[in-house]
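Enquirer: Just passing along the structure, written as structure tokens.
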Amino acid sequence: MWNEIESAPREELEKIQLRRLQDTCQRVYHLVPFYKKKFDELGIKPADVRSLEDLKRLPFTTKQDLRDHYPFGLFTVPMDQVVRIHSSSGTTGKPTVVGYTKHDMEVWIEVMARTLSMVDVGPGDVVHNAYGYGLFTGGLGFHYGAEKVGAAVVPSSGGFTKRQLLLMKDFGATILACTPSFALHLAEVAKEEGYELKKDFKIRAGFFGAEPASQGLREELKEQWGLIYCEAYGLSEIIGPGVAAGCPYGNLHIFEDHFIPEVIDPETGEVLPDGEEGELVFTTVTKQALPIIRYRTKDITVLHREPCKCGRTLTVMESVKGRADDMLIVNGVNVFPSQVEHVLTKVEGTTPNYVIVLDKKGVLDKLEVWVEVDDKTFADGIGALEALKARLQQEMLNDLYINVKIKLVEPKTLERSMGKAKRIIDKRDAEGLKK
Amino acid sequence: MIKKYGIKQLSIFLENRKGRLLEVTKALRDASINIRALALAESAEFGILRLVVNNPEKAKSVLSASGFTLREQDVFAVEVPDEPGSFCKVVEILSGADINIDYTYAFVGGGKKAVLIFKVPSERLEDAIKALLDSGMTLVEPVFFYD
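Line by line, the protein sequences give chains A and B.
For the first sequence, the tail end lands on 435 under the working numbering, and the numbers increase by one without skipping.
For the second sequence, the tail end lands on 147 under the working numbering, and the numbers increase by one without skipping.
Right, dumping it as structure tokens:
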């Protein structure tokens, strides 16, 4: 265990949470006009927060609120105190921006060190980090955490599967960090290349996250690689990976001395008791640059507060069961249907009829967009239509950061085959992978 | 010149799907439309059916009503002797006038004659017709195709 707070008695933990929550409320109320207005509308002053029970009286924050204050409108520090900025892809061109002060980076590195310490990663370990490096928080989050615990980190990022396997074998990687689907893809390519997984590789544990994984996929990865499966949960709005981490007993512990969880009814906003399924909500209580009050993650889960066999007293969240919105996760990348629509409108000048089809190609997700060709967009020439397809594919890659296959179809095809209002067809493994 | 020699061709977007061609042809048959010339271009996922028919206006409304995506284009037709070198000669004239051919198709007519249909970029259509007439070629007037 990295930090003894993880196994502290609940009363002690809650005392820390309350003090930090009170500080955070003061901070946002006095430094962010958005929160002052929200608190005032509800008739709450920061001083009214006297117990953790009062958390439920505070206003929610949504992804839309972050977008409305693009890029830095919700920051509580001047830019000269910000040392890192990350950003996710945006639905209509506007991304969600998050910032970190030096202190925030320390918090992030701390929770990532706790994550890796779930299986005592440390000096002597080689962490093969295949999460994407860049604006996405996955790659750099694991990177800094691995350095903190004293492991050697290989910043391989995504892609180049065969070369990754070579490095994993030759560098003697002991820890694998990537999306679960990429871990399975690595296993399949390794077998094709003639490797014997358990003999040629020394992977003892894996940290898998950024997308949901079915129980079947988890068992498959454990079996094929012979590893301990640790789940990594996080979202950039809260901090990135490191919000919660799976222990060897398979329980996903929330680092709640930094991020206080609640589960609410997504319809009414009412807080639900432990054991009931609802939307996960987080309040950050140690962040400086971008503290967030009651952020609605849209992830559907259940909370439990019994102590775990691993010794941790931290709240356990079940693996995310689904989404309260229409967000799709494609090979670990978040995609909203509205982003797809935005690209179509931008390229075609009008919004065509379309449908998004999600399927599996081997173990990886495959996203197709079927676009109806109408009299206006129909150019009489195979070349012109192929060019339209290529342009749409390129724009999708630019805006969504994923490869999308465009298929041009006749009008009414979509209506005929799948009913008018249905914009999304998810043919992926229904068990867990389907959101 | 376009008015005199331009022929209305209908291009229809078709998915590569079983039975789709049959649906187009049935719609035309049921409306008693006669196909005078046709060509089908294909790619991996879709095709374009190009038709010259006896009544383009009627065909257009019938196909639109049946939900097909279509487009009307001006093409032109050249009548040549049905013998070696005839096609080459027309292409040579267009090439000499620096005109690109988008696509072309042909059919054999009666009396040792053949008819070649050409689509060129619309801004060069006038030039193409003029170049061919200047070289003494015979252009087919729309009335040959229409009722």
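For each residue, glycine too, the CB sits at the ideal point set by N, CA and C.
(1) Just the chain D side, please: which residues come within less than 7 Å of ASP102(B) by C-beta, in chain order?
(2) Just the C-alpha distance for LYS8(B) and VAL78(B), rounded to the nearest angstrom, thanks.
(3) Please identify the residue among GLY381(A), ASN353(A) and PRO337(A) whose C-alpha is closest to the C-alpha of MET396(A).
(4) Which class does SER319(A) belong to by DSSP, given the choice of helix, strand or coil?
(5) Cutting at 6 Å between CB atoms, please list the residues of its own chain near GLY246(A), excluding the five before and the five after it.
(6) Identify the contact partners of PHE378(A) in chain B, using a Cβ-Cβ distance below 8 Å as the criterion.
(7) In the structure shown, what three-state DSSP assignment does LEU303(A) receive?
(8) Using a Cβ cut-off of 8 Å (strictly closer), state whether ALA39(B) contacts chain A.
(9) Check whether the stretch 211-222 of chain A and the stretch 264-278 of chain A are in contact - that is, three or more C-beta pairs closer than 8 Å.
(10) Determine which residues share a DSSP beta bridge with LYS119(B) and list them.
(11) Give the straight-line distance between the Cα atoms of LYS38(A) and PRO59(A), rounded to the nearest whole angstrom.
(12) Could you list which residues in chain B have their beta carbon closer than 7 Å to that of PRO411(A), in chain order?
(13) Please name the residue or residues paired with SER87(A) in a DSSP beta bridge.
(14) For GLY432(A), count neighbouring Cβ atoms within 10 angstroms of its own Cβ and tell me buried if that reaches 16, exposed if not.
(15) Could you tell me the alpha carbon to alpha carbon distance between VAL355(A) and VAL404(A), rounded to whole angstroms?
(16) Quick one, which of ASP134(B), THR138(B) and ILE129(B) has its alpha-carbon nearest LYS3(B)'s?
(17) What in chain B is Cβ-close to MET407(A), meaning under 8 Å?
(18) In angstroms with no decimal places, state the Cα-to-Cα distance between VAL328(A) and VAL335(A).
(19) Taking ARG67(A) as the reference, which of LEU52(A), SER88(A) and LYS56(A) has the closest Cα?
(20) So with CB distances below 7 Å, who are the chain A contacts of ILE48(B)?
(21) Express the C-alpha separation of LEU51(B) and TYR103(B) in angstroms, rounding to a whole number.
(22) With distances taken between CB atoms, is the gap from PHE282(A) to ILE238(A) smaller than 8 Å?
(23) DSSP state of ARG296(A), grouped into three classes?
(24) Would you mind reading off the limits of the beta strand (DSSP E) that contains VAL49(A)?
(25) On the three-state DSSP scale, how would you describe LYS434(A)?
(26) Can you tell me whether TYR233(A) is buried or exposed, with buried defined as 16 or more other CB within 10 angstroms of its CB?
(27) Taking only three categories from DSSP, how would you classify TRP225(A)?
(28) Bridge partners for GLU372(A) per DSSP, in chain order?
(29) Give the interface partners of ASP359(A) over in chain B, defined as CB-CB distance under 9 Å, in chain order.
(30) Apart from the five residues just before and just after LYS420(A), which ones in its own chain have a Cβ nearer than 6 Å to its Cβ?
(31) Compare the beta carbon distance of TYR105(B) and ALA39(B) with 8 Å and say whether it is the shorter of the two.
(32) Assuming LEU314(A) contacts GLU6(A) under a Cβ cut-off of 8 Å, what Cβ separation, rounded to an integer in Å, is found between them?
(33) Please list the terminal residues of the continuous alpha helix (DSSP H) segment that includes GLU341(A).
(34) Quick one, which residues of the stretch 382-396 of chain A are near chain B if we go by CB-CB under 8 Å, in chain order?
(35) If you measure between the beta carbons of LEU21(A) and ASP257(A), is that distance less than 8 Å?
(36) Please classify PHE160(A) as buried or exposed, where buried requires at least 16 other C-beta atoms within 10 Å of its C-beta.
Expert: Quick answer:
(1) The displayed structure is made up of protein chains A and B, and chain D is not among them.
(2) 14 Å
(3) PRO337(A)
(4) coil
(5) CYS230, GLU231 and LEU252
(6) For PHE378(A), the neighbours in chain B by C-beta distance under 8 Å run, in chain order, SER11, PHE13, THR69, LEU70 and ARG71.
(7) strand
(8) no
(9) Put simply, the stretch 211-222 of chain A does not touch the stretch 264-278 of chain A. Fewer than three CB pairs are less than 8 Å apart.
(10) Bridge partners of LYS119(B): TYR103(B).
(11) Approximately 6 Å, taken between the alpha carbons.
(12) Simply GLY67 and THR69.
(13) VAL97(A)
(14) Since pLDDT at GLY432(A) reaches only 41, below the 50 mark, its modelled position is unreliable, and no value is offered.
(15) 12 Å
(16) Nearest C-alpha to LYS3(B): ILE129(B).
(17) For the record, residue 407(A) in the displayed sequence is Lys; it is not Met. For LYS407(A), the chain B residues whose Cβ falls inside 8 Å of its Cβ are GLU45, in order along the chain.
(18) This sequence places Leu at residue 328(A); Val is not what is there. Distance between the alpha carbons of LEU328(A) and VAL335(A): 5 Å.
(19) The residue with the shortest Cα to Cα distance from ARG67(A) is SER88(A).
(20) ASP380 and ILE382
(21) Whole-angstrom Cα-Cα distance: 13 Å.
(22) In this structure, PHE282(A) places its C-beta atom within 8 Å of the C-beta atom of ILE238(A).
(23) strand
(24) First-last for VAL49(A): undefined, no H or E at that position.
(25) A caution first: LYS434(A) carries a pLDDT of 36, below 50, which makes its placement in the model unreliable, though a value can still be read off. Coil, per DSSP.
(26) buried
(27) helix
(28) VAL409(A)
(29) Simply none; closest approach about 16 Å.
(30) With a pLDDT of only 46 at LYS420(A), under the threshold of 50, the placement of this residue in the model should not be trusted; the figure read from the coordinates follows. Excluding positions up to five away in sequence, the list is empty.
(31) yes
(32) 6 Å
(33) 337-348
(34) ILE382, LEU385 and GLU386
(35) no
(36) With a threshold of 16 other beta carbon atoms within 10 Å, PHE160(A) falls short and is exposed.
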